[in-house]
Amino acid sequence: MAQAWLDEPLAPAARRLLTGAVEAFAARGYHATATRDIAARAGLSPAGVYVHFPSKEELLYQISLIGHRGTVEVVRAAAVVSDDPVHRLRAVIAAITAWHARYHTTARVINYEMAALTEQHRAQIATLRREIDSLVRQTLEDGVAAGVFDVPDVRGTTLALLSLTIDVARWFRATGDRAPEQLGELYGDLALRMAGHRG
1396 MAQAWLDEPL
1406 APAARRLLTG
1416 AVEAFAARGY
1426 HATATRDIAA
1436 RAGLSPAGVY
1446 VHFPSKEELL
1456 YQISLIGHRG
1466 TVEVVRAAAV
1476 VSDDPVHRLR
1486 AVIAAITAWH
1496 ARYHTTARVI
1506 NYEMAALTEQ
1516 HRAQIATLRR
1526 EIDSLVRQTL
1536 EDGVAAGVFD
1546 VPDVRGTTLA
1556 LLSLTIDVAR
1566 WFRATGDRAP
1576 EQLGELYGDL
1586 ALRMAGHRG
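Letter by letter, the sequence shown follows residues 1396 to 1594 of our numbering.
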């Protein structure tokens, strides 16, 4: 399983706990996962979890934080590819899609277990999600203003595009017939059609 935190400066045990938590949350759901399940997957005692994370919810928060920051980073990088809204929309949607495919297990957890976060943690994650939403919405608005997109409902189209990219995490399998980048290219092209681009 590809892990979104491979580049994070973490102790080996903390890294194993994050991996174990993602696997357990993805398989059983946050509420059905016991701390001992996570510890067993990480090769630690249940008490060993609390050396690195004060609670199961903190584990979910750290997974969500790392995952959402990773998504924001790829979106920002894709957004500076071009000032042209057509190229920017294709690049941004391709990047989000590829990220959700590459890290599909992590992405499934961070998108579908958000309700289990504390109010404070959920608010911090929501800020990152709003940045992604804002960038896609601004790209659509720029395209409408430039006359290259025909989008009567920018807000609704933004929601539809992001929903499609996020849902990739639900069904994507690494053993499938498309690599994450290929799927990203497909979704990037579909985004242009949804935006009414005729080019």
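We put the CB at the ideal spot given by N, CA and C, even for glycine.
Look at residue 1425 here: in three-state DSSP terms it is coil, with no helix or strand label.
Taking C-beta atoms as the reference points, residue 1425 and residue 1518 fail to come closer than 8 angstroms. For residue 1593, no alpha helix (DSSP H) encloses it, and the DSSP letter there is neither H nor E. Spanning the alpha carbons of residue 1505 and residue 1443 requires a straight line of approximately 23 angstroms. The beta carbon of residue 1430 lies closer than 6 angstroms to those of 1441, 1444, 1451 in the same chain, with the five residues before and after it left out. For residue 1572, there is no enclosing alpha helix (DSSP H), as DSSP marks it with neither H nor E. Taking 8 angstroms as the cut-off, the beta carbon of residue 1501 is found closer than this to the beta carbon of residue 1462. Restricting attention to alpha helix (DSSP H) runs no shorter than 4 residues, the segment 1435-1511 encloses them at 1441-1447, 1451-1474, 1480-1497, 1499-1507, ordered along the chain. Within the same chain, Cβ atoms closer than 7 angstroms to the Cβ of residue 1592 are found at 1481, 1543, 1544, the five residues on either side in sequence being excluded. For residue 1541, the number of other beta carbons within 10 angstroms of its own is below 16, and it is reported as exposed. With respect to the 8 angstroms criterion, residue 1488 and residue 1586 are classified as neighbours on the basis of their beta carbons. When DSSP states are grouped into helix, strand and coil, residue 1547 belongs to the coil group.
Secondary structure of residue 1406 (DSSP, three-state): coil. CA-to-CA, the gap between residue 1557 and residue 1528 works out to about 8 angstroms. Sorting 1589, 1497, 1552 by C-alpha distance to the C-alpha of residue 1573 places 1497 at the top.
Residue state for residue 1542 is assigned as coil, using DSSP reduced to three classes. Residue 1568 is classed as exposed because its beta carbon has fewer than 16 other beta carbons within 10 Å across all chains shown. For the 8 angstroms CB-CB criterion, residue 1492 and residue 1551 do not form a contact.
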